[in-house]
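For reference, the structure is listed below as structure tokens.
2 protein chains.
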Amino acid sequence: MSDLSEKPIGVFDSGIGGLTVMRALTRRLPGESFVYLGDTARLPYGTKSPDTVTRYAVQCAGAVSEKGIKLLVVACNTASAVAIGPLTKALYPTPVIGVIEPGADAAVKAAPNGRIAVIATEGTVKGGAYMRAIKALKADAEVVQKACPLFVALAEEGLTEGDIPERVARHYLEDLLNVADKPDCLVLGCTHYPALSGVIARVAGPSIKLVDSAETTAEAVARLLSEHGLERRTAPTPPRFLATDAPERFARVGETFLGRHIDPAKIELIDL
Amino acid sequence: MSDLSEKPIGVFDSGIGGLTVMRALTRRLPGESFVYLGDTARLPYGTKSPDTVTRYAVQCAGAVSEKGIKLLVVACNTASAVAIGPLTKALYPTPVIGVIEPGADAAVKAAPNGRIAVIATEGTVKGGAYMRAIKALKADAEVVQKACPLFVALAEEGLTEGDIPERVARHYLEDLLNVADKPDCLVLGCTHYPALSGVIARVAGPSIKLVDSAETTAEAVARLLSEHGLERRTAPTPPRFLATDAPERFARVGETFLGRHIDPAKIELIDL
Chain A
1 MSDLSEKPIG VFDSGIGGLT VMRALTRRLP GESFVYLGDT ARLPYGTKSP
51 DTVTRYAVQC AGAVSEKGIK LLVVACNTAS AVAIGPLTKA LYPTPVIGVI
101 EPGADAAVKA APNGRIAVIA TEGTVKGGAY MRAIKALKAD AEVVQKACPL
151 FVALAEEGLT EGDIPERVAR HYLEDLLNVA DKPDCLVLGC THYPALSGVI
201 ARVAGPSIKL VDSAETTAEA VARLLSEHGL ERRTAPTPPR FLATDAPERF
251 ARVGETFLGR HIDPAKIELI DL
Chain B
1 MSDLSEKPIG VFDSGIGGLT VMRALTRRLP GESFVYLGDT ARLPYGTKSP
51 DTVTRYAVQC AGAVSEKGIK LLVVACNTAS AVAIGPLTKA LYPTPVIGVI
101 EPGADAAVKA APNGRIAVIA TEGTVKGGAY MRAIKALKAD AEVVQKACPL
151 FVALAEEGLT EGDIPERVAR HYLEDLLNVA DKPDCLVLGC THYPALSGVI
201 ARVAGPSIKL VDSAETTAEA VARLLSEHGL ERRTAPTPPR FLATDAPERF
251 ARVGETFLGR HIDPAKIELI DL
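Residue numbers (our numbering), protein chains in the order written: chain A, 1 to 272; chain B, 1 to 272.
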């Protein structure tokens, strides 16, 4: 009998946005231990080239893997979109789960008419990974995409309610929404965007469902653990947090995303 | 006789914002050649810790210095604020000029009542470098500071006019401006902010002068070249651009800052 099941689940993100995925994971899998790495020194990934994102992501995955994990969750949409192949190869045989496929799956289920809008970073939109993942599940889906870079800055600053984020949301979403055939759902294709879901939902209106890949990713992780008999049997240990820079800022801003207190003194600073 | 005067002036920034400084330099010193490095893979510096900013800045300075320069301009406010000492040491005997001292100098001149407001990145504000530089020139100056992180995202996206940037400017500047003794001037302490100067000036009102360190930095460089007899004598060569990532984005967004066309094919991609 292997003790692989006792090992933590690794999660990494370009920064702190991935804590929304961690939040969904800890809620769905309260009996598991987690180690989270935020590459805060080099964020954001969303405006970087695929080559650079891949290089950084593989370094992050290696650092998390060194801590001894049973599974890696790539919480960053941009890294999931451009680097899932190299990441899977680098960590083999440890399984790697990104957020794009679970997000695409949820989108297709939330779109009875097959009309799906995706909002994400420049990198994710350009790479077209959501487009491909959705079409693989439903070939005749109509997918529109839009990069919303300011959402990241707003979420990072905690400016998630009120006039400014609402106007920014309208600025980005007008083109997507002012069409004859409105989309059935709107995929929040960046881990930062759920922090703005209140404002986005109001601008989108009640007929458009918001799809957040965090929940479906947690579901995919639960399924994989169950299928491989990898569920932890003993009580979980407290989550470990690693960051490549600014642990204080990680703790302060990260609390909004994780929904619970983070002690800055307990964040391990690592160099990649 | 040394041919040092024939060498280009090196300029580096965390990304493309420093092209506003390059613009002022080429205007003030049309007879000089320039080599510009934007650390686009690792931007922004403004939210990173002083240690990380120093490490990245010294790497950048080394890469620019390798091209053979007669002087280095640190166009990035954050790097100037936290790393000017290590940079000066690393490049010795090549002179290094940051943007903080020239900015402080301009601020003191623009503030007859000694009331100065500084807006900058989180890193620059926390480090208090403007505060120190201004007090060194005028001990009884009253300096207030405010971090305006969204300005960077707005400038990078080219969203520099209209309702959204105006509301964001009001959001940040209200506290600084709604006081009995209004500041005499407002220092734009981040290379991205001059892109928003129209909106900032409107919100600040006609009684508050905007201070942009780009012009005074160019003046400081001109003075140093003249004092050391380092002015170039032959016709200048076209500017060289180096970037650590995404040359296409550098060219596209950078044109707004530089005020002239940049050919993406001519940007050299380097790895730090």
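Built from N, CA and C at the ideal position, the CB exists for glycine as well.
Note to self: Which residues does DSSP list as the beta-bridge partners of L242(B)?
What the structure shows: Walking along the second sequence from the start, residue 242(B) turns up at place 242. Beta-bridge partners of L242(B) (DSSP): L37(B), E268(B).
Next item on the list: Taking 7 Å as the cut-off, decide whether the C-beta atoms of C148(A) and I116(A) are in contact.
Entry: Position 148 of the first sequence, counted from the start, is the residue given in the question as residue 148(A). Position 116 of the first sequence, counted from the start, is the residue given in the question as residue 116(A). Contact: no.
Item checked: Sequence-distant residues of the same chain with beta carbon closer than 7 Å to D181(B), five excluded per side -> To locate residue 181(B), count along the second sequence from 1; it is residue 181. Same-chain partners within the cutoff: R115.
Note to self: Strictly below 8 Å CB to CB, what residues from chain A border P149(B)?
What the structure shows: The residue given as residue 149(B) occupies position 149 in the second sequence. In chain order: A153, E156, E157.
Next item on the list: With 7 Å as the threshold, decide whether the Cβ of A245(A) is near any Cβ in chain B.
Entry: Position 245 of the first sequence, counted from the first residue, corresponds to residue 245(A). As written in the sequence, residue 245(A) is Asp, which differs from the Ala given in the question. The C-beta of D245(A) comes closer than 7 Å to at least one C-beta of chain B.
Check: Nearest to L272(B) by CA position, among A57(B), G259(B), G254(B), I262(B), is which residue?
Finding: Residue 272(B) sits at position 272 when you count from the first residue of the second sequence. Of the candidates A57(B), G259(B), G254(B), I262(B), the one whose C-alpha sits nearest the C-alpha of L272(B) is A57(B).
Next item on the list: Please confirm whether K109(A) and K7(A) have their CB atoms less than 7 Å apart.
Entry: Here residue 109(A) refers to the residue found at position 109 when the first sequence is read from its first residue. Here residue 7(A) refers to the residue found at position 7 when the first sequence is read from its first residue. In this structure, the beta-carbon distance from K109(A) to K7(A) does not fall below 7 Å.
Next item on the list: List the residues of chain A whose Cβ lies closer than 7 Å to the Cβ of V49(B), in chain order.
Entry: What you label residue 49(B) is simply residue 49 of the second sequence in a count that begins at 1. First, the residue type needs correcting, since residue 49(B) is Ser and not Val in the sequence shown. Those are D245, A246, listed as they occur along chain A.
Notebook entry, point to check: Taking Cβ-Cβ distances below 8 Å as the criterion, which residues of the region 161-193 of chain B are in contact with chain A?
Noted result: In summary, the residues of the region 161-193 of chain B whose CB is separated from some CB of chain A by less than 8 Å are D163, I164, R167, V168, H171, in the order they occur in the chain.
Margin query: Comparing C-alpha positions only, which one of D105(A), G158(A), G17(A) sits nearest to K135(A)?
Written below: Indexing the first sequence from 1 puts residue 135(A) at position 135. Put simply, of D105(A), G158(A), G17(A) the residue whose alpha carbon is nearest the alpha carbon of K135(A) is D105(A).
Item checked: Cβ pair count under 8 Å reaching 3, the region 10-20 of chain B against the region 205-221 of chain A -> Taking a cut-off of 8 Å for Cβ pairs, the region 10-20 of chain B and the region 205-221 of chain A do not touch, as fewer than three such pairs fall below it.
Margin query: Can you find the residues in the same chain that come closer than 6 Å, C-beta to C-beta, to L150(A), ignoring five residues on each side of it along the sequence?
Written below: As a working note, residue 150(A) is residue 150 in the first sequence. Non-local beta-carbon contacts of L150(A) in its own chain, meaning distances under 6 Å to residues more than five positions away in sequence, involve V168 in chain order.
Item checked: I134(A) in three-state terms, based on DSSP -> One-based indexing of the first sequence puts residue 134(A) at position 134. Correct three-state label for I134(A): helix.
Next item on the list: Please look up how many angstroms separate the CB atoms of A139(A) and A111(A), rounded, as I've assumed it's under 8 Å.
Entry: Position 139 of the first sequence, counting from 1, holds the residue named residue 139(A). Position 111 of the first sequence, counting from 1, holds the residue named residue 111(A). Their Cβ separation, rounded to whole angstroms, is 13 Å, which puts A139(A) and A111(A) out of contact at 8 Å.
Notebook entry, point to check: Counting Cβ pairs closer than 8 Å, one from the region 43-57 of chain A and one from the region 222-230 of chain A, do we hit at least three?
Noted result: Counting C-beta pairs closer than 8 Å gives fewer than three between the region 43-57 of chain A and the region 222-230 of chain A, which falls short of the contact rule.
Margin query: With H, G and I counted as helix, E and B as strand and the rest as coil, what does DSSP make of K209(B)?
Written below: Here the question's residue 209(B) lines up with position 209 in the second sequence. Three-state result, K209(B): strand.
Next item on the list: Check whether the Cβ of V11(B) lies closer than 7 Å to any Cβ atom in chain A.
Entry: Looking up residue 11(B) in the second sequence gives position 11. So no, V11(B) is outside the interface.
Checklist line | beta strand (DSSP E) segments (min. 3 residues) lying fully within the region 71-107 of chain B | finding: Listed in chain order, the complete beta strand (DSSP E) runs (minimum 3 residues) inside the region 71-107 of chain B are 71-74, 96-98.
Checklist line | Residue(s) in a DSSP beta bridge with A120(A) | finding: As a first step, residue 120(A) must be located in the first sequence, where it is residue number 120. The partner list for A120(A) (beta bridge, DSSP) reads A147(A), G189(A).
Note to self: Our contact map puts V99(B) next to N77(B) with C-beta atoms below 8 Å; I'd like the distance itself, whole angstroms only.
What the structure shows: As a working mapping, residue 99(B) is identified with position 99 in the second sequence. As a working mapping, residue 77(B) is identified with position 77 in the second sequence. That belief holds up - the Cβ atoms of V99(B) and N77(B) are roughly 6 Å apart, short of 8 Å.
Next item on the list: Identify which residue in G18(B), L258(B), A204(B) has its Cα closest to the Cα of N178(B).
Entry: Translated into positions along the second sequence, residue 178(B) becomes position 178. Looking at G18(B), L258(B), A204(B), the one whose alpha-carbon comes closest to that of N178(B) is A204(B).
Margin query: By alpha-carbon positions, which one of T216(B), T234(B), D39(B), P86(B) ends up nearest to G17(B)?
Written below: Numbered from 1 along the second sequence, position 17 holds the residue referred to as residue 17(B). Comparing alpha-carbon positions, the option among T216(B), T234(B), D39(B), P86(B) lying closest to G17(B) turns out to be D39(B).
Check: Going along the chain, which residues of its own chain have a beta-carbon closer than 6 Å to the beta-carbon of M1(A), five neighbours each way excluded?
Finding: Within the first sequence, residue 1(A) is the residue found at index 1, counting from 1. Below a pLDDT of 50, predicted positions are generally treated as unreliable, and M1(A), at 42, falls in that range; the measurement from the model is reported next regardless. Taken in chain order, the list of residues that qualify is empty.
Next item on the list: Mind checking the region 27-57 of chain B against chain A and listing, in chain order, the residues whose C-beta falls within less than 7 Å of any C-beta there?
Entry: So the close ones are A41, R42, T47, K48, S49, T52.
Checklist line | Cβ pair P93(A), T217(A) closer than 7 Å | finding: Mapped onto the first sequence, residue 93(A) falls at position 93. Mapped onto the first sequence, residue 217(A) falls at position 217. Taking 7 Å as the Cβ cut-off, P93(A) and T217(A) do not qualify as a contacting pair.
Checklist line | Closer than 8 Å at the beta carbon, the chain B residues around R232(A) | finding: By one-based count along the first sequence, residue 232(A) stands at place 232. Those do not exist, as R232(A) stays about 34 Å from chain B at its closest Cβ, beyond 8 Å.
Next item on the list: Go ahead and label H261(B) buried or exposed: buried means 16 or more other beta carbons lie within 10 angstroms of its beta carbon, across all protein chains shown.
Entry: Indexing the second sequence from 1 puts residue 261(B) at position 261. With fewer than 16 neighbouring CB atoms inside 10 Å of its own CB, H261(B) falls in the exposed class.
Next item on the list: Whole angstroms is fine: what's the gap from A79(B)'s alpha carbon to C185(A)'s?
Entry: Within the second sequence, the letter at position 79 stands for residue 79(B). Within the first sequence, the letter at position 185 stands for residue 185(A). Straight-line Cα distance between these residues: approximately 43 Å.
Item checked: Residue nearest to E219(A) in terms of C-alpha spacing, selected from R42(A), P44(A), V73(A) -> Walking along the first sequence from the start, residue 219(A) turns up at place 219. If we check each option's Cα against that of E219(A), V73(A) comes out closest.
Margin query: Give me the chain A residues within the contact set of R252(B), using Cβ-Cβ distance strictly less than 9 Å, ordered along the chain.
Written below: Here residue 252(B) refers to the residue found at position 252 when the second sequence is read from its first residue. Residues of chain A whose Cβ lies closer than 9 Å to the Cβ of R252(B) do not exist, since the nearest Cβ in that chain is about 11 Å away.
Checklist line | Touch test, the region 34-50 of chain A against the region 244-253 of chain A, Cβ-Cβ under 8 Å, three pairs minimum | finding: Yes: at least three Cβ pairs fall under 8 Å.
Check: According to the Cβ coordinates, are L258(A) and R23(A) closer than 7 Å?
Finding: On the first sequence, residue 258(A) is found 258 positions in, with the first residue counted as 1. On the first sequence, residue 23(A) is found 23 positions in, with the first residue counted as 1. Taking 7 Å as the Cβ cut-off, L258(A) and R23(A) qualify as a contacting pair.
Item checked: Range covered by the beta strand (DSSP E) that runs through G10(B) -> Taking the second sequence and counting its residues from 1, the one referred to as residue 10(B) is at position 10. DSSP places G10(B) inside the beta strand (DSSP E), whose first and last residues are 9-13.
Notebook entry, point to check: So who's on the other strand from R115(B), going by DSSP bridges?
Noted result: Counted from its first residue, the second sequence places residue 115(B) at position 115. Paired residue(s): E142(B).
Next item on the list: Using 10 angstroms around the beta-carbon of K48(B), count the other beta-carbons present and answer buried if the total reaches 16, otherwise exposed.
Entry: Within the second sequence, the letter at position 48 stands for residue 48(B). With 16 or more neighbouring CB atoms inside 10 Å of its own CB, K48(B) falls in the buried class.
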